[in-house]
Every structure is written in structure tokens, then in C-alpha cells.
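The block underneath contains the structure these notes are about, expressed in C-alpha cells.
Chains as they are written, first to last, in this note's numbering: chain A, -12 to 242; chain B, 26 to 302.
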């Protein structure tokens, strides 16, 4: 409760500073709208449904693309960890492509898929995939050999070892890779939505883009706040509990 | 009336004391390719272990005692020679012969209970209820009933090795292979575990092969102590320890045996050997 109050106070102060800056009229109100104006925009957009619709469009792209990325990435990571051939080929490719900012996939995706949902999904998958492959591979390689030996003596074999020993043991690495993949996917999707208008659905990125075109700064800032909040929620609802569990079990301390 | 084939075994049957294993090792050799060329880790080693016998292998590091243990476990293959358990050649690892390692190889993603349950889950003929009963029995045997829900990192070194022991005992193996399981523990904890291990060994009637570099420990635990010498790894001598059990590591009679073994060990090895406290 104390922590919550402290955090609430912090954000209240932040809002106040913003309000003070607005009232000081250092910048034109076109460039820096009042917090209230942003709130009014967000309320209006929420009431007329644009915000909800855009959020749904964006989240659907993100989640579908992310899940595809995981479903492909995990097995690929296991394969690269298990066999040298895979490591030298797919592993090297993943390492290279991971360094490529996933925004760079946008032009290619547009040419390949046109202005379609597929282009958006492709960008998200590419953002997720390579981080997951590499984290899974690293995780599996870091499994202490003694776990495998212990399991072998207890009668565990091939698939059982992979699912009951190696995967759980690699879990902390895999989860941090999933988190990184999520961040990359989120970023690349926003970039793609800002760049490209797709008629099948207007996402948050597109709302941000129109805010700029209309010179509606309260919209730009409002959408940015929504994007930040979604990122925070994803962390608190999805990743935080998993990480807490891992820290508690493994004893890697984190208060 | 015809007797129906048994569908599954119960917890009670699972907990029955079963016949311990008999081990026959003949002319086993093993090479390792190291940075400085091939090392003969084991040179034509032969050893018989009787049913229910407690045998300790001692020697300086590099004498091949751990390699021999791994070969018995089926985790490594000998270059030549044969290893048979109860007349059957050992072809791979199996739960007839469970290993307890020096570092507790407990799984950090499972709690204490989950770790003890791991080997039991691989036995197909048990119900989950039976598995739970069996796991509880062994946790009680090693004195850790209160900690069944604890995470591994919350345990002390001695408690971890107790869990390892419970995990190794749970699938009811016929033989236990122990690779310096107490080497990383403090003296006081070790003393307790010597007592516990002797008690459990007598209660569960297992064949135990126990590797250590601690001569006193070997004299305290073993019916027989086998002395190895390094480079190449060979069996040099063996000592029968016929003191009554349970033995106390601090007893004078035991010290006499330990000194004798130590003398032999030193004569075969130029290397420093850690002496028991």
C-alpha cells in the first residue's frame, strides 16, 4: 500500500509539472497541450469507440504474431541447441537477424504482402522469432550436465528428458527471451502501423500518425500514453508473475 | 484357480525391502583423451561387490574411482572389460542403480517433494496416491518431512544431500552409487549423515558403492575399503573393516583402521590426500 501511494504521488507530481509547464506558456499550446486536453481527447476517443477498436486491432496483430513467433522460435531454439548443423545454419542466421532492428522488415513486408494484415503479422513474427530462438538455445546450453545425468539414472529418456528436465531448467533464459521478443515485436508493430495504412484495420500506430497529420498534439500524446500503459500492463499481468515465480523457485533474489 | 496377472503395485509393495544387487567388475580399462594426451583412467580393474555390501573406494584425485562409479552407473562405457549387475551386463543407466552426486543435482524448478517424486513418476505401475505415499515415507526417513514444500535454494547443504538421498532411494533401487556425497559439507553435518546413512542402509538393505577421498569416512562407512592409485588408475589393496555398527567416526578403533588405510594410500600416491578432520 505504501509503495502504491508513493508511486501515485510520483505520477501526480509528474502531471503537476506538466500542467505548470503548460501554464507558463513556454511552448505554444499546439506543441504542448494541457493534461486536461489530452484527457478530454482520450475520453472522447474511448466513448466513440475509436480507441477500443484501434487497441483491439493492434493487440490482435501483436498477440497472433507473437504466438506464431513463439511456436516457431521455441522448437528452432531447441534444434539449434541440440545439433551442430542447426547451430551453424539457423543459429547463425538467428544471431545475425536478431541484430537487425525489426523495423527494417517493414519495407520488405510491404513489397511481399502489400498493405495487408499479413504484412503486419510478418513484421511482428520477425520481431519475436530471433530473440526466442537465441534465448532458447542459450538456455538449453546452460543446463548443467549433471541434471541430465541425474535424470538418466532415474530412468528418464530422450523426450522425457527434454520436456521434464532440459526445458524447465532453461526456463529462466526462455522467459527473458520471450520478454525481449515481446518488446521487439511491440516496437516493430508500432513502427509498421505508423508507416503504413492498412484498410483492414486502424491500429494505435495509425491513430498516432493521424494525430500528427491533423496537428492534434493531444491525440499524439494521448495515444502515446495508451501505448505505454499497454506495455506496462503486459509486463505486470503476464511477465511479472512468471518472473516472480522463477525468482522464488530458483532463489535468484529479487525483492 | 488361476492367479490373475498383477496390474499394478501398491505403495506398500513399492516400499518392500527388495534384494540388493551383486556386482561383478572384470578387467575394466578406460582411456581419456586429455590436453596432454591419453590418460589411462582405469587399468584392468576387477572388483566384486556382494549383495548388501557397503564398499568404499578411496584414492587421490585422478585415480579413476569416479570413472569406475560412472561406469557402474552406466553413464560411461569401459573401453574393455565387463561390468555385470546380478549376472546381467550393464548397458546403460537405469533405476536399479541410482547415483548420488557430490553436488546435489536437485532440480531447482521443483520443490523438495517434486524432486523426490521425479524418479517415482517414471515408474509406470503406481498410482499418484502411491507415489505420494512413497515420497512421504522417504522424506520422513531422511528427517525432512517438514520441508516437503520448500524450494531447493532454501535448504542448507546438508538438507540438500538428504533430499538427494531420499530421491535416490525413492524408486527402490537395488544399488546406490555415491560419489563423494558429503565432501562439500561441514564436519558436524557430515557426522549426522554418517549415522543416518548407516541406519538407512541397514533398514533398506541396499548394496552401496561409495567413492571418497576421505579415509576416515571410508573406514566409518565401509564393510570393505578399496584403495586406488592414480595414473594409471589401479586397485592396490583392500581392507576389511569389521567394526560393529553403527560406527562413530570419532572412535579410536576406527582411527586405527583409518591410519592403516592412510599409510597404504600414501605409499601408492605421491599426491597430497586430504585427511579426515
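Ideal Cβ positions, reconstructed from N, Cα and C, are used throughout, including at glycine.
First through last residue of the alpha helix (DSSP H) which encompasses residue i
i, result
"residue 95 of chain B", "90 to 98"
"residue 142 of chain B", "137 to 146"
"residue 259 of chain B", "It is not in any alpha helix (DSSP H) - residue 259 of chain B instead sits in the beta strand (DSSP E) that spans 259 to 265."
"residue 173 of chain A", "154 to 182"
"residue 35 of chain A", "22 to 35"
"residue 192 of chain A", "191 to 200"
"residue -6 of chain A", "-11 to 11"
"residue 233 of chain A", "227 to 237"
"residue 37 of chain B", "36 to 39"
"residue 205 of chain A", "204 to 220"
"residue 148 of chain A", "145 to 148"
Neighbour flag for residue i against chain A, beta carbons, 9 Å
i, result
"residue 59 of chain B", "no"
"residue 114 of chain B", "no"
"residue 148 of chain B", "yes"
"residue 157 of chain B", "no"
"residue 226 of chain B", "no"
"residue 124 of chain B", "yes"
"residue 39 of chain B", "no"
"residue 268 of chain B", "no"
"residue 207 of chain B", "no"
"residue 133 of chain B", "yes"
"residue 136 of chain B", "yes"
"residue 199 of chain B", "no"
"residue 72 of chain B", "no"
"residue 117 of chain B", "yes"
"residue 94 of chain B", "no"
"residue 130 of chain B", "yes"
"residue 210 of chain B", "no"
"residue 196 of chain B", "yes"
"residue 120 of chain B", "yes"
"residue 106 of chain B", "no"
"residue 89 of chain B", "no"
Short CB-CB distance (under 9 Å) between residue i and chain B
i, result
"residue 152 of chain A", "yes"
"residue 149 of chain A", "no"
"residue 158 of chain A", "yes"
"residue 61 of chain A", "no"
"residue 235 of chain A", "yes"
"residue 162 of chain A", "no"
"residue 78 of chain A", "no"
"residue 155 of chain A", "yes"
"residue 64 of chain A", "no"
"residue 141 of chain A", "yes"
"residue 238 of chain A", "yes"
Check: residue i C-beta below 8 Å from any heavy atom of the ligand COA
i, result
"residue 108 of chain A", "With respect to small molecules bound, the structure shown includes none, and the ligand COA cannot be examined in it."
Whole-number beta carbon distance between residue j and residue i, since they are thought to touch under 8 Å
i, j, result
"residue 83 of chain B", "residue 222 of chain B", "Contact doesn't hold; Cβ gap of about 16 Å is too wide."
"residue -8 of chain A", "residue 8 of chain A", "In fact, because the Cβ distance is near 25 Å, the residues do not count as touching under 8 Å."
"residue 210 of chain B", "residue 227 of chain B", "Wrong, their Cβ atoms sit about 22 Å apart, outside the cutoff."
"residue 200 of chain B", "residue 45 of chain B", "7 Å"
"residue 68 of chain A", "residue 123 of chain A", "7 Å"
"residue 106 of chain A", "residue 97 of chain A", "6 Å"
"residue 272 of chain B", "residue 279 of chain B", "6 Å"
"residue 142 of chain A", "residue 144 of chain B", "7 Å"
"residue 244 of chain B", "residue 266 of chain B", "5 Å"
Residue i - containing beta strand (DSSP E), residue span
i, result
"residue 69 of chain B", "62 to 74"
"residue 54 of chain B", "48 to 59"
"residue 79 of chain B", "79 to 83"
"residue 204 of chain B", "200 to 204"
Residue-level contact to chain E via CB, residue i, 9 Å cutoff
i, result
"residue 144 of chain B", "Among the protein chains in the structure shown, which are A and B, there is no chain E."
Query raised in the report: Along the chain, which unbroken stretches of the beta strand (DSSP E) at least 3 residues long are found entirely within the stretch 77 to 142 of chain A?
Result: none
Report task. Identify every run of the alpha helix (DSSP H) within the stretch 110 to 181 of chain B, keeping only runs that are complete inside it and at least 4 residues long; order them along the chain. Result -> 137 to 146 and 153 to 166
Query raised in the report: For the stretch 119 to 137 of chain A, which residues have a beta carbon sitting closer than 7 Å to at least one beta carbon of chain B?
Result: Residues passing the 7 Å Cβ filter: 133, 134, 136 and 137.
Query raised in the report: What residue ranges within the stretch 211 to 299 of chain B form continuous alpha helix (DSSP H) runs of no fewer than 4 residues, ordered along the chain?
Result: DSSP runs (the alpha helix (DSSP H)) wholly in the stretch 211 to 299 of chain B: 212 to 229, 240 to 246 and 277 to 293.
**Report entry** Residues of the stretch 42 to 58 of chain B with Cβ closer than 7 Å to any Cβ of chain A, in chain order
**Finding:** none
**Report entry** chain A contacts from the stretch 165 to 194 of chain B (Cβ-Cβ distance under 9 Å)
**Finding:** Residues of the stretch 165 to 194 of chain B with a C-beta less than 9 Å from any C-beta of chain A: 176, 177, 178, 179, 189, 192 and 193, listed in chain order.
**Report entry** Whole alpha helix (DSSP H) elements within the stretch 34 to 80 of chain A, 4-residue minimum
**Finding:** 37 to 69
Query - Residues within the stretch 219 to 252 of chain B neighbouring chain A, beta-carbon criterion of under 7 Å - result: none
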